[in-house]
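Student: This is the structure I have questions about; it appears just below.
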Amino acid sequence: MSTTTTTPMSRMTSLARAELTLLGRSKGTLVAALFVPLVLPLSVRSAAEEMDLAEAGLTPGTVVLPAAVGFSLLFAVYSALVGIFVVRREELVLKRLRTGELRDAEILGGSALPAVLTGLAQCLLLTVGCSVLLDLPAPSAPHLAVLGLLLGLVMCAALAAVTASHTRTGESAQVTPMPLMFVSMLGSGMFVPLELLPDRLASFCELLPLTPVVTLVRGGWTGDLSAAEALGAVAAAVAWTVLAVFAVRRWFRWEPRR
Numbered sequence: 001m002s003t004t005t006t007t008p009m010s011r012m013t014s015l016a017r018a019e020l021t022l023l024g025r026s027k028g029t030l031v032a033a034l035f036v037p038l039v040l041p042l043s044v045r046s047a048a049e050e051m052d053l054a055e056a057g058l059t060p061g062t063v064v065l066p067a068a069v070g071f072s073l074l075f076a077v078y079s080a081l082v083g084i085f086v087v088r089r090e091e092l093v094l095k096r097l098r099t100g101e102l103r104d105a106e107i108l109g110g111s112a113l114p115a116v117l118t119g120l121a122q123c124l125l126l127t128v129g130c131s132v133l134l135d136l137p138a139p140s141a142p143h144l145a146v147l148g149l150l151l152g153l154v155m156c157a158a159l160a161a162v163t164a165s166h167t168r169t170g171e172s173a174q175v176t177p178m179p180l181m182f183v184s185m186l187g188s189g190m191f192v193p194l195e196l197l198p199d200r201l202a203s204f205c206e207l208l209p210l211t212p213v214v215t216l217v218r219g220g221w222t223g224d225l226s227a228a229e230a231l232g233a234v235a236a237a238v239a240w241t242v243l244a245v246f247a248v249r250r251w252f253r254w255e256p257r258r
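121 is the number that the UniProt record's numbering gives to position 121 of the sequence shown; each next residue is one higher, with no gaps.
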């Protein structure tokens, strides 16, 4: 009699394949995740062309590209995963998975993997598109952009689980991500770079979750971030991720909210 030995990675991969199949059947989630982030950067480009960016050492490209990455993280990863976590919980999928050999972290990680990979692929596609269409040069510090993107993917997945913890139904999952999404779009330097905001407002906006990600991605292209500024952005992103993971471990619900 032979036994099959599984590893955490193999279990997460199997779950991710199943989740990818379910994701393909959700037309509304697919539209929001795949197409909305491709359209929104056009509005940022129109706004950027009317700003006085030269004084801040920026160009339309260095405004639009980080914004495009931010939109992808918000829609393809954060918002999509809130709905996925809530619907799977309400359908008792998460509860059933916990009765097997999957651990809690593997369940959440495997469920999130398709959305995270979709967000990653979309960010890469948007980066290439923005570079070509907006005549952007090669990034001055590509390691900062890569680090910002990876931190953003992990952080948005963790924040999605936190938001799902406080979301009752699949219908309300379309609403509960909105506060963070609107605050991020308006205050994290996506539509208006922090360099153009009043100092006090910019200092407040630096504390928002997505701000360090946008800062690192933009700094990767401009090369204007000092070592201290880069470390500060990384520390802020890591802090938000750690807080989100703590909140998930403390408050995430595995059974329907009745």
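Just so it is clear, CB atoms sit at the ideal spot from N, CA and C, and this is done for glycine as well. These figures come from a predicted structure and were not determined experimentally.
(1) May I have the straight-line CA-CA distance separating ALA19 from GLU106, to the nearest angstrom?
(2) Between the stretch 87 to 95 and the stretch 222 to 236, do at least 3 Cβ pairs fall closer than 8 Å?
(3) Output the distance between the C-alpha atoms of THR3 and LEU120, rounded to the nearest integer angstrom.
(4) First and last residue of the alpha helix (DSSP H) that includes PRO256?
(5) Quick one: measure Cβ to Cβ for PRO193 and MET155, integer angstroms, because I've assumed they're closer than 8 Å.
(6) Between which two residues does the alpha helix (DSSP H) containing GLN122 stretch?
(7) Could you check what DSSP says for GLU50 in three-state terms: helix, strand or coil?
(8) Near ALA239, which residues of its chain fall below 8 Å by C-beta distance, leaving aside the five closest residues on each side in sequence?
(9) How many whole angstroms separate the CB atoms of VAL175 and ALA244, which I take to be in contact at a CB cut-off of 8 Å?
(10) Assess contact between the stretch 180 to 196 and the stretch 108 to 123, defined as three or more Cβ pairs (one per stretch) separated by less than 8 Å. Is contact present?
(11) Secondary structure at LEU208, three-state DSSP: helix, strand or coil?
(12) Nearer than 7 Å: is that true of the beta carbon of LEU147 relative to any heavy atom of the ligand MN?
(13) Should the stretch 196 to 215 be regarded as contacting the stretch 139 to 155, the criterion being three or more beta carbon pairs within less than 8 Å?
(14) What number of angstroms, rounded off, separates the C-alpha of PRO66 from the C-alpha of PRO256?
Tutor: Straight from the coordinates:
(1) The sequence given here has Glu at residue 19, not Ala. Roughly 13 Å between the two C-alpha positions.
(2) no
(3) Because the pLDDT at THR3 is just 49, under 50, the model does not fix this residue reliably, and the point stays unresolved.
(4) Here PRO256 belongs to no alpha helix (DSSP H), and DSSP marks it neither H nor E.
(5) Their Cβ separation, rounded to whole angstroms, is 21 Å, which puts PRO193 and MET155 out of contact at 8 Å.
(6) 104 to 133
(7) Of the three classes helix, strand and coil, the one that applies to GLU50 here is coil, per DSSP.
(8) none
(9) About 20 Å; that fails the 8 Å criterion.
(10) no
(11) coil
(12) Ligands in the displayed structure: none, and consequently the ligand MN is not present.
(13) yes
(14) Cα to Cα, PRO66 sits roughly 37 Å from PRO256.
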